[in-house]
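Enquirer: The sequence shown maps to residues 1 to 325 in full-length UniProt numbering. In this text, a Cβ means the ideal position worked out from N, Cα and C, and glycines have one as well. One structure, pasted below without further comment.
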Amino acid sequence: MKPATTLQTRSDININPPGKRRWAILKQQKYLFLMMLPGLIWAIVFAYTPMVGLYMSFVNYQPTLGGFWSTLFTSEFVGFEWFRYFFNNGDFWIVMRNTLASTLITLLFSFPMPILIAIAINEIKNVKFKKTVQTASYLPYFISWVIAANIIVTLLSSDGAINGILKFFHITNESVLFLQNGKYFWWIVALGNTWKDMGYSSIMYLAAISSINPELYEAAKVDGANRFKQIRFITLPHLKPTIVILLILALGGILNAGFDQHFLLGNDLTRDYSDVLSTYSFRYGIQNGMFSYAAAVGMFSSVVAFIIVVIVNYTAKKLNGQSLF
C-alpha cells in the first residue's frame with residue numbers, strides 16, 4: 001500500500017499546473033525569500049537601474065540645468081557613432097594594448113600566487129605562527145590604493161630601497177628611474193596588484209583545502225607519499241574546481257586593468273604605457289566632458305568582458321566538466 005500511496009502522491013503533484021507548484025514552493029519557503037529580499041532590492045537599485053544610463057552611449061548627451069533623465073532622453077540620437085569614433089581613433093590600439101598587457105602580466109603573477117600561499121600556509125604546523133602569517137598576508141588588501149601607491153613610489157624612487165639594494169649588490173651604479181620609464185610600468189602594476197591581493201585571494205583556496213578529508217593524507221602517508229606528492233595528488237586535484245571558477249572570473253575581467261593603480265602610479269612620461277580603458281574613459285568623460293564617448297568606451301569593455309566569460313565558461317565545461325554556470 002505504501003508504494004501505491006507514494007506513486008499516487010507523485011502523480012497528484014505532477015498534474016498540478018506549474019504556477020501552483022511555484023506558489024506552493026514560495027509559500028513553503030516564504031521566510032527564505034524574505035531574507036533574500038533586501039539583497040534583491042539592492043541589486044535592482046544599484047546594479048540594474050543604473051544600466052538605463054547605457055543609453056547615453058547612443059546619444060549626444062550634454063548636461064543642462066534640467067533633470068538628468070529628461071536631458072538624457074531628449075538628447076540627439078546618434079546610434080553607434082561614438083563606437084565608430086572610438087574604433088577609428090588612433091588611441092584605440094594603444095589603450096587596448098596597455099589594457100591587455102597590464103592585465104595579462106598581472107594575471108601571470110596574481111593568479112598562481114594565492115594558490116601557492118594557501119598551500120604553504122596549510123603546511124605550517126605551528127598554529128600561532130600560521131595565524132601570524134595569515135594576518136600579515138591579508139593586511140595589504142585592506143590598505144587603500146592611495147597609500148599602497150605612495151609605498152610603491154617611495155620604494156622605487158631614485159633614493160628608495162630598491163635602488164639602494166641594486167647599488168649595494170653592484171647591479172647598477174646609477175639610480176633606475178622606474179616610474180619615469182614606461183617599459184617598467186606594466187611590471188610594477190602587476191607586482192603591486194599581486195602583493196596587495198594575494199593574501200586575501202588565498203582565503204578561498206584555504207577554505208577549499210580545509211574541506212579535504214584528512215584521511216586521504218593519512219592513507220597517502222601509509223603508502224609512502226611525501227608532502228610534495230600529497231600536494232600534487234591530493235591537494236591540487238581537490239582545488240581544481242575552485243581554480244577553474246576563479247580563472248573564469250579573472251579572465252572575465254581581462255579588460256578591467258584597474259583604475260586606481262594606473263591613475264595613481266601613471267604620469268605624463270608613462271602615459272603611452274599607463275593609459276588603459278578605465279583611465280581613458282575617465283579622462284574623456286570627466287575631464288573633457290565627453291560623457292557619451294566615455295559611456296561608449298565603458299559599454300564596449302563590459303560587452304567584451306561578458307563575451308569572454310561565456311566563451312571561457314563554455315570551454316571549461318567542455319574540457320573539464322566544471323563551469324561557473
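Is the beta carbon of Val52 sitting closer than 8 Å to the one on Ser75?
Expert: no
Enquirer: Return the residue from the list Thr99, Leu324 and His238 that minimises the CA-CA distance to Val304.
Expert: Thr99
Enquirer: In or out: Met35 buried (at least 16 other Cβ within 10 Å) or exposed?
Expert: exposed
Enquirer: By DSSP's criteria, Phe178 is part of a beta bridge. Which residues make up the other side?
Expert: Looking at the DSSP assignment, Phe178 forms no beta bridge with any residue, so it has no partner.
Enquirer: Which residue's Cα is closest to the Cα of Thr194: Thr103, Thr172 and Phe92?
Expert: Thr103
Enquirer: Have a look at Ile121 and Gln134 and give me their C-alpha separation to the nearest angstrom.
Expert: 7 Å
Enquirer: Mapping the DSSP letters down to three states, classify Phe33 as helix, strand or coil.
Expert: Looking at Phe33 - three-state DSSP - the assignment turns out to be helix.
Enquirer: What I want to know is whether the C-beta of Gly67 ends up closer than 7 Å to one or more non-hydrogen atoms of the ligand HEM.
Expert: Ligands displayed in this structure: none; no statement on the ligand HEM is therefore possible.
Enquirer: Mind checking which residues open and close the alpha helix (DSSP H) that includes Ala190?
Expert: Counting along the chain, the unbroken alpha helix (DSSP H) around Ala190 starts and ends at Phe185 to Ser210.
Enquirer: I need the straight-line Cα distance from Tyr31 to Trp23, nearest angstrom please.
Expert: 14 Å
Enquirer: Please report how far the alpha carbon of Asp272 lies from the alpha carbon of Leu177, in whole angstroms.
Expert: 16 Å
Enquirer: Give the DSSP-derived three-state secondary structure of Phe300 in the structure shown.
Expert: helix
Enquirer: Asn88 by DSSP, collapsed to three states: which one?
Expert: helix
Enquirer: Kindly indicate the opening and closing residues of the alpha helix (DSSP H) around Ile117.
Expert: Element bounds for Ile117: Pro112 to Glu123.
Enquirer: Could you tell me the boundaries of the alpha helix (DSSP H) in which Leu156 lies?
Expert: For Leu156, the uninterrupted alpha helix (DSSP H) run begins and ends at Trp145 to Leu156, by DSSP.
Enquirer: Are the beta-carbon atoms of Ile234 and Ala118 separated by less than 8 Å?
Expert: Contact flag unset, no.
Enquirer: Could you tell me the alpha carbon to alpha carbon distance between Ala296 and Ala257, rounded to whole angstroms?
Expert: Inter-residue distance for Ala296 and Ala257 is about 17 Å (C-alpha atoms, whole angstroms).
Enquirer: DSSP state of Val59, grouped into three classes?
Expert: Secondary structure of Val59 (DSSP, three-state): strand.
Enquirer: Going by beta-carbon coordinates alone, are Thr263 and Thr279 separated by less than 8 Å?
Expert: Correcting the residue type first, residue 263 is Phe in the shown sequence and not Thr. Cβ atoms of Phe263 and Thr279: closer than 8 Å.
Enquirer: Phe46 by DSSP, collapsed to three states: which one?
Expert: helix
Enquirer: If I measure Cβ to Cβ from Phe306 and keep anything under 7 Å in the same chain, skipping five residues before and after, which residues do I get?
Expert: The answer is none, since no qualifying residue turns up.
Enquirer: Whether or not the region 149-161 and the region 169-188 are in contact is what I'm after, with contact meaning three or more pairs of Cβ atoms, one per stretch, closer than 8 Å; do they touch?
Expert: yes
Enquirer: Using beta-carbon positions only, say whether Tyr205 and Ile115 come within less than 8 Å of one another.
Expert: Contact: yes.
Enquirer: With 16 as the cutoff for other CB atoms within 10 Å, does Phe228 come out buried or exposed?
Expert: exposed
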